[in-house]
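If you read the protein sequences in the order shown, they are chains A and B. In terms of the UniProt record's numbering, the first sequence opens at residue 1 and continues consecutively. In terms of the UniProt record's numbering, the second sequence opens at residue 1 and continues consecutively.
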Amino acid sequence: MSSETLFRRITDYAHRADPYPLYAELREHGVARQEDGKYLVGTYNEITALLHDPRISSDVRNRTEPDPDLQPVEGLPPAFIGRDDPEHDRLRRLAMRPFGPPHSPGRIDTLLDDIARIAGQLADGLRDKERIDLVEDFAFPLPVTVICDLLGVPAEDIPQVHTWADTVVSGLDFAPGEDPGPRRRAAHEARMAMGLYLGGLAEKRRGRPTDDMLSALANDEGPDGRLTQEELMVTAVLLLIAGHETTVNLITNGMLTLLRNPEALERLRKEPELMPRAVEELLRYEPPVQFLPQRTPLADVEVGGVTIPKGVPLVLVLASGNRDPLRFADPDRFDPARRDNVHFGFGSGVHSCFGAPLARLETQIALTTLINCLDGPRLLEDPPVYRNSPVLRGPRHLPIGQTGR
Amino acid sequence: MQIVVDLNRCQGYAQCVFLAPQVFELHGEEALLYVPTVPEGQDERVLRAAAACPVQAITVGEQAGEGAGVR
């Protein structure tokens, strides 16, 4: 089939359970121009070069033809994920102050016990169940409870926040043939509502600091000053959605992969100290963000012998780079002890995932807890039903049975 | 447990600092400082930090140097 239709085929829901053969086809073609003018890149070295190239913008306002799916909300500035340096750097550093080094190096470490406690409570709830939905019963509530707690969102508001987050993410879906107008408008409204809500929470804390990140973002003044109210709103929305929609998939894909590879699961049961490396391998093998759809060259850029013109949509298929046989030996094999595993699970370069350390810790603790608590777990559906999004790819539900129950 | 960081490779992603803040420290925005002999009780955190390094610059062993057992 023509390489010009690869993007259409990758985003087609029919390929959600196993897009990897399409990624192999993409790598065969190097840089693949699509029928609608998009450029797809799926080879490791080329993706690395582009992720570290300052001529590649993350700001979709640099597109020659505006992409209606990626428009910022009217009246709000884009969050740092959609900005370029130096603004990206300023906003990210301000958001980092209450989250990690150099200003708050111990923040994530102090969450360790909380994460283990929440994971333990959720796991206790699974013990006597014959049939578990890993997504609803474990993989979703764990990271959502942690991120809401970290930001300072009260527990009683989590269902509302979840509804907004789902609406925003479904706005990123690609559904050929459907009128995307209503979906897009709903996503913009949800983003705005979420921003106003989080901005309001921060406002309440101004002058009355509490222990959470919203309070720090509202009150702390560093060398870069402070976020404006609008910047605070979009930053908080970004952190909440990212902390909400990606770790769920990493944990779920993790359990799915371990149940498909029983010898790996058994090995981790015997050698729990291997878990950090197993999670890195998961990030390579089944990354929660499959591709980056919002890059744009600021000039004509040559890569892999092809000139990608200024202003066109550039899609970096991270999940394909992660399976590039020129970089990884036996790339389609899940090897929990893999060495030299420099994967794109969190991207690379200045935009590399802000929440990576939290996602790592949550997933390591989640999988260790599950391995210890589940009794003879087995997949009840394989492949499971997937969520719609080809970007934030993961099962909608993951039914698991336990023996002897 | 001993650690060695290849500081030529280190790019200041600081993943190790998040995961083992008593062993790794950022000096300013990017320069990394670390304790080569891992303090007691920090082994698990150091293994997490080493696995997380996006440029795989951290080597962990029972003993650093030639012939060290690498984990």
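For each residue, glycine too, the CB sits at the ideal point set by N, CA and C.
query: Applying a beta-carbon distance threshold of less than 9 Å, which residues of chain B neighbour A:SER352?; result: TYR13 and PRO54
query: Can you find the residues in the same chain that come closer than 7 Å, C-beta to C-beta, to A:ARG55, ignoring five residues on each side of it along the sequence?; result: PRO297, LEU298, ALA299 and VAL301
query: Taking beta-carbon pairs under 9 Å, can you tell me which members of the stretch 322-352 of chain A lie near chain B?; result: ARG339, ASP340, ASN341, VAL342, HIS343, PHE346, SER348 and SER352
query: Return the residue from the list A:GLY347, A:GLU271 and A:ASP332 that minimises the CA-CA distance to A:GLN290.; result: A:GLY347
query: Please determine whether the Cβ atom of A:THR43 lies at a distance below 7 Å from any heavy atom of the ligand GDP.; result: Among the components of this structure there are no ligands whatsoever, and the ligand GDP is therefore not found.
query: Going by the CB atoms, is the gap between A:VAL234 and A:ALA79 shorter than 8 Å?; result: yes
query: Would a C-beta distance cut-off of 8 Å place A:ARG33 and A:SER320 closer than the cut-off?; result: no
query: Have a look at A:ASP340 and B:GLN56 and give me their C-alpha separation to the nearest angstrom.; result: 7 Å
query: Bridge partners of A:ASP133, per DSSP?; result: A:PRO399
query: So which residues of chain A does B:ARG48 contact, with C-beta pairs closer than 8 Å?; result: PRO276, ARG360, LEU361 and GLN364
query: Would you call A:ASP128 buried or exposed, if buried means 16 or more other Cβ atoms sit within 10 Å of its Cβ?; result: exposed
query: Counting contacts by CB-CB distance shorter than 8 Å, is B:LEU33 in contact with chain A?; result: no
query: By the three-class DSSP mapping on this structure, what secondary structure does A:ILE108 have?; result: coil
query: Do A:ALA202 and A:LEU239 count as a contact pair if the criterion is CB distance below 8 Å?; result: no
query: Near A:ASP335, which residues of its chain fall below 7 Å by C-beta distance, leaving aside the five closest residues on each side in sequence?; result: GLU281
query: Taking Cβ positions, are A:VAL279 and A:GLN364 nearer each other than 8 Å?; result: yes
query: Should the stretch 393-402 of chain A be called in touch with the stretch 1-15 of chain B, which here means at least 3 C-beta pairs below 8 Å?; result: no
query: Would you mind telling me which residues of chain A sit closer than 7 Å to B:ALA51, beta carbon to beta carbon, in chain order?; result: PRO276, ARG277 and GLU280
query: Just to check my reading of the structure: A:ASP69 and A:PRO182 have Cβ atoms closer than 8 Å, yes? What is that Cβ distance to the nearest angstrom?; result: That belief does not hold up - the Cβ atoms of A:ASP69 and A:PRO182 are roughly 13 Å apart, past 8 Å.
query: Below 8 Å on C-beta distance, what does B:LEU26 contact in chain A?; result: PRO101, PRO102 and PRO105
query: Near A:PRO272, what residues of its chain come up, given a Cβ to Cβ distance below 7 Å and the 5 sequence neighbours on each side ignored?; result: THR368
query: Figure out for me which residue from A:LEU326, A:GLY349 and A:ILE308 has the closest Cα to the Cα of A:VAL31.; result: A:ILE308
query: Going by the DSSP bridge assignment, what does A:TYR285 pair with across the sheet?; result: Paired residue(s): none; A:TYR285 is not in a bridge.
query: Against chain A, does B:PRO21 count as a neighbour if the rule is that its beta carbon must be under 8 Å from one of theirs?; result: yes
query: Taking 8 Å as the CB-CB limit, is A:GLU4 close to chain B?; result: no
query: Assign A:VAL385 to buried or exposed, taking buried as 16 or more other Cβ atoms, counted over all protein chains shown, within 10 Å of its Cβ.; result: exposed
query: Quick check: what's the CA-CA separation for A:ARG90 versus A:ASP224?; result: 7 Å
query: Could you check whether the Cβ of A:ALA155 sits closer than 8 Å to any Cβ belonging to chain B?; result: no
query: What is the DSSP secondary structure of A:THR64, counted as helix, strand or coil?; result: coil
query: Identify whether A:SER320 lies in helix, strand or coil by the three-state DSSP scheme.; result: helix
query: Going by C-alpha to C-alpha distance, which of A:ASP113, A:LEU112 and A:LEU142 sits closest to A:GLY125?; result: A:LEU142
query: Taking the beta strand (DSSP E) that B:ILE3 falls in, what are its first and last residues?; result: 2-5
query: In the DSSP output, which residue or residues are listed as bridge partners for A:VAL41?; result: A:VAL31 and A:LEU316
query: On the DSSP letters alone, give me the boundaries of the beta strand (DSSP E) that A:THR228 sits inside.; result: Where A:THR228 is concerned, there is no enclosing beta strand (DSSP E), given that its DSSP letter is neither H nor E.
query: What are the partner residues of A:SER57, as DSSP defines its beta bridges?; result: A:THR296
query: Under the rule that 16 or more other beta-carbon atoms within 10 Å means buried, what is B:LEU33, buried or exposed?; result: exposed
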